[in-house]
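Letter by letter, the sequence shown follows residues 26 to 621 in the numbering used here.
Heads up, the thing below is written out as structure tokens.
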Amino acid sequence: MREFLQVINYCIGILWKTSRKYFIIRIILNIVSLAAPFAVITITRSLINFLAGGGRSASGGAVQTFLIFSLLLLGLNILSKGIETVSAYYAGLHRDTVDTATKQLIMEKAARLDLSFFDSAAFYNEVSDADSNSPLITFSAFQAMDFIRYFVQFVIAFGYLFQFSVILPAIFAVSAIPSTVAQIKQVEAIYGFQREYLGEQRKMQYASDILLSREFAKDVRIYNIYPFISGKFRNIWKMLFSKKKKISLRYTRILLALSTLPEIVAAVFLFLLGLSVVWGTRTIGDYSFLQGIMTQMLGSMYMVISSYTQLADGKMRIQNYRKFLGFESRICEDGVLELTEPAFTVEFKNVSFRYSDNLPWVLKNVSFSFTSRQKIALVGANGSGKTTIVKLLLRFYDPVEGQILMDGKDIREYTPDSVRRRFSTVFQDYSNYAFTVKESVSLSDAGKANEEALVLDALKRSGADSFTSRFPQGLETYLTRRYDESGQELSGGQWQKMAIARAFFRKADIYILDEPSAALDAKSEDEVFRMFQTMYAEGGAVLISHRLSNIHLSDVIFVLDNGALAEMGNHEALMKEDGVYAQMYKLQAEKYKGVQ
Ligand code: ADP
Numbered sequence: 026m027r028e029f030l031q032v033i034n035y036c037i038g039i040l041w042k043t044s045r046k047y048f049i050i051r052i053i054l055n056i057v058s059l060a061a062p063f064a065v066i067t068i069t070r071s072l073i074n075f076l077a078g079g080g081r082s083a084s085g086g087a088v089q090t091f092l093i094f095s096l097l098l099l100g101l102n103i104l105s106k107g108i109e110t111v112s113a114y115y116a117g118l119h120r121d122t123v124d125t126a127t128k129q130l131i132m133e134k135a136a137r138l139d140l141s142f143f144d145s146a147a148f149y150n151e152v153s154d155a156d157s158n159s160p161l162i163t164f165s166a167f168q169a170m171d172f173i174r175y176f177v178q179f180v181i182a183f184g185y186l187f188q189f190s191v192i193l194p195a196i197f198a199v200s201a202i203p204s205t206v207a208q209i210k211q212v213e214a215i216y217g218f219q220r221e222y223l224g225e226q227r228k229m230q231y232a233s234d235i236l237l238s239r240e241f242a243k244d245v246r247i248y249n250i251y252p253f254i255s256g257k258f259r260n261i262w263k264m265l266f267s268k269k270k271k272i273s274l275r276y277t278r279i280l281l282a283l284s285t286l287p288e289i290v291a292a293v294f295l296f297l298l299g300l301s302v303v304w305g306t307r308t309i310g311d312y313s314f315l316q317g318i319m320t321q322m323l324g325s326m327y328m329v330i331s332s333y334t335q336l337a338d339g340k341m342r343i344q345n346y347r348k349f350l351g352f353e354s355r356i357c358e359d360g361v362l363e364l365t366e367p368a369f370t371v372e373f374k375n376v377s378f379r380y381s382d383n384l385p386w387v388l389k390n391v392s393f394s395f396t397s398r399q400k401i402a403l404v405g406a407n408g409s410g411k412t413t414i415v416k417l418l419l420r421f422y423d424p425v426e427g428q429i430l431m432d433g434k435d436i437r438e439y440t441p442d443s444v445r446r447r448f449s450t451v452f453q454d455y456s457n458y459a460f461t462v463k464e465s466v467s468l469s470d471a472g473k474a475n476e477e478a479l480v481l482d483a484l485k486r487s488g489a490d491s492f493t494s495r496f497p498q499g500l501e502t503y504l505t506r507r508y509d510e511s512g513q514e515l516s517g518g519q520w521q522k523m524a525i526a527r528a529f530f531r532k533a534d535i536y537i538l539d540e541p542s543a544a545l546d547a548k549s550e551d552e553v554f555r556m557f558q559t560m561y562a563e564g565g566a567v568l569i570s571h572r573l574s575n576i577h578l579s580d581v582i583f584v585l586d587n588g589a590l591a592e593m594g595n596h597e598a599l600m601k602e603d604g605v606y607a608q609m610y611k612l613q614a615e616k617y618k619g620v621q
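See the structure below:
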């Protein structure tokens with residue numbers, strides 16, 4: 026019960042916080058609509074008694090009284106209908122406001138949690154549960170309001186019935202308990218089932234995403250994968266459907282048996298009431314009144330049960346939603362120092378790292394250092410840990426062992442934001458945004474979004490101006506035709522240039538470029554690397570590339586081999602060393618010679 030009250034409290038809190046105005050209006054409308062049915066029943070009793078008694082004489086006065094009764098009833102009914110319509114209007118607005126607010130909280134949480142959460146299937150389950158539950162949370166919040174309203178209505182009707190009998194209303198209430206319990210058990214079982222199979226539901230969603238999204242559209246056609254994907258989709262659905270059907274059937278049988286109880290009690294009540302009219306102990310007006318009150322009580326009792334059941338369902342969903350909102354980042358944000366100086370040193374001191382306790386080490390006892398004025402390169406085979414080093418630099422993760430020092434102090438002593446501000450990075454899996462050219466570039470520094478000259482400069486530096494300058498709507502051109510028919514579609518290399526322009530737009534001390542060779546043509550790639558190495562004479566760069574001709578001008582080259590630092594030095598020194606780097610370099614040079 027305490028938990029239940031906490032949920033009501035939480036729901037009312039959501040309704041109140043998201044819009045006080047709508048909340049107050051709806052409370053007032055609820056109070057009025059609560060009283061209206063009782064006023065109608067009371068007036069009807071007087072009317073029937075009047076008709077059954079002196080009203081029959083049809084004198085001028087009696088007709089007038091009858092007219093007043095009828096007008097009163099008409100007025101009340103019009104008022105009730107009016108309130109219903111106005112309530113629906115405000116409820117619609119309030120629901121939209123609450124819905125958006127709950128969704129926004131989920132979006133904000135997901136945006137603020139650290140990257141490691143996105144490595145785990147359990148987290149995706151929680152995201153999908155919270156996201157799909159957000160409309161139900163709004164619904165529960167509304168149910169809390171309805172629950173209170175129907176409960177008050179029920180108590181008033183209950184009180185009226187006491188005039189007739191003390192025991193009967195109590196029997197009424199008790200007769201509803203078994204089916205209420207069964208209904209609550211049913212929603213608990215169904216939600217429990219949904220949570221248990223969240224992973225399977227996400228797989229169904231994934232199958233549908235594959236068929237509905239552009240990303241996979243080519244594969245869907247060249248490999249004709251529809252039968253495979255739809256087979257997967259249907260098999261999961263069949264399995265889930267049969268399990269859900271079993272649960273539903275079990276509870277439907279129980280409910281069928283239990284829900285007849287209150288109806289039997291109501292029939293007995295009406296029979297006894299009828300008898301009392303026949304015996305002359307009650308008037309026809311009383312009969313109509315008590316029958317009206319009983320219908321009202323039954324109606325409100327069912328509404329109380331149904332909103333209570335919905336709230337019981339909402340309770341579990343809200344608990345999980347709150348659990349999601351309560352997730353804490355693992356990256357400790359206790360650091361208070363701000364890394365503000367453009368010139369600073371970076372040192373990896375015996376750093377070892379793995380993504381999770383049960384996964385192999387990705388970096389093993391790595392030590393090296395550089396300054397924010399140097400151009401350095403990271404070289405090594407696929408999977409040797411280069412991108413992981415960048416992720417540690419940006420403090421997406423903390424080392425499992427060892428330390429990263431910035432300007433001589435542990436990276437954890439700084440605020441993560443101030444560390445990230447020092448860098449501007451293009452990852453290998455950069456993102457493509459379906460925004461305008463201007464928005465897509467200026468995303469990296471939203472504070473300067475209106476400075477078109479800076480956007481144009483960034484486009485020029487990345488080489489993206491070669492195509493954006495031809496767009497008829499210039500910087501306002503939408504990328505992709507997803508949201509705008511006149512939008513522009515880009516090639517892989519053009520997207521990459523947009524991502525590089527975004528990195529250039531941001532003023533940083535160290536620019537990081539992670540392996541752009543995949544999409545760029547040889548000439549563009551050469552230009553981009555030259556830009557990173559020479560443009561900011563003072564600024565630093567971290568370059569990752571498999572093509573060693575791109576990075577041989579770097580001040581220091583760090584060679585990684587299976588997570589360990591194998592060699593370091595400039596190109597000449599490494600060639601002299603005749604180790605891994607020299608062998609790779611010679612191999613690549615041989616190949617190019619072969620082509621000539
Ligand atoms: P590189 O950039 O040198 O190609 P990465 O640093 O991207 O290598 O990856 C190093 C290793 O870490 C790879 O074996 C990769 O599978 C693993 N890895 C990368 N990201 C994750 C992650 N989020 N969770 C688990 N393992 C990961």
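Glycine included, C-beta positions come from ideal geometry on N, C-alpha and C.
The Cβ neighbour count for Leu418, taken over all protein chains shown within 10 Å, is at least 16; the residue is labelled buried. With respect to the 8 Å criterion, Tyr610 and Leu573 are classified as neighbours on the basis of their beta carbons. Annotated as proximal: Thr365 and Ser443, with beta-carbon spacing under 8 Å. The alpha-carbon of Glu426 is positioned some 37 Å away from that of Trp520.
For the options Asn575, Ala589, Asn587, the alpha carbon positioned closest to that of His596 is the one of Asn575.
Closest option to Pro424, judged by alpha-carbon separation, among Asp234, Arg227, Ile202, Ser377: Ser377. Bridge partners of Met431 according to DSSP: Val371, Lys434.
Within the region 69 to 129, no complete beta strand (DSSP E) segment of 3 residues or longer occurs. Tyr536 carries a strand assignment under DSSP once its states are collapsed to helix, strand and coil. If you check the C-beta of Ser409 against the ligand ADP, you find a heavy atom less than 7 Å away.
Ile401 sits in a strand when the DSSP states are folded into three classes.
In this structure, the alpha-carbon of Glu372 lies about 29 Å from that of Asp551. Scanning Met132, Ser58, Phe94, Ala126 for the CA closest to the CA of Thr110 turns up Ser58. Taking the CA atoms as reference points, Leu336 sits about 13 Å from Val206.
The alpha-carbon separation between Tyr222 and Leu265 amounts to approximately 8 Å. With contacts defined by Cβ atoms closer than 8 Å, Ser112 and Arg51 form a contacting pair. Under a 10 Å Cβ-count criterion, Thr125 is classified as exposed, with fewer than 16 other Cβ atoms of the shown protein chains found around its own Cβ.
Within the model, the alpha-carbon separation for Thr450 versus Ser354 is close to 22 Å.
Between Ala591 and Val605, the C-beta spacing is below 8 Å.
Exclusion of Gly339 from the 7 Å shell around the ligand ADP follows from its C-beta lying no nearer than that to any non-hydrogen atom of the ligand.
Nearest to Ala598 by alpha-carbon distance, out of Val581, Gly499, Asn383, Glu28, is Val581. Less than 8 Å separates the beta-carbon of Glu477 from that of Leu500. By the Cβ test, the region 340 to 349 is not in contact with the region 391 to 398, since fewer than three Cβ pairs between them sit closer than 8 Å. With a minimum length of 3 residues, there is no unbroken run of beta strand (DSSP E) contained wholly in the region 158 to 245.
Between Ile66 and Leu98, the CB-CB gap reaches or exceeds 8 Å. Val404 sits away from Val567, with the two beta carbons spaced by 8 Å or more. The alpha-carbon of Val584 is positioned some 31 Å away from that of Ala489.
Beta-bridge partners assigned by DSSP to Leu280: none are found.
For Tyr380, the shortest separation between its Cβ and any heavy atom of the ligand ADP lies below 7 Å. In this structure, the CA atom of Gly512 is about 15 Å from the CA atom of Met523.
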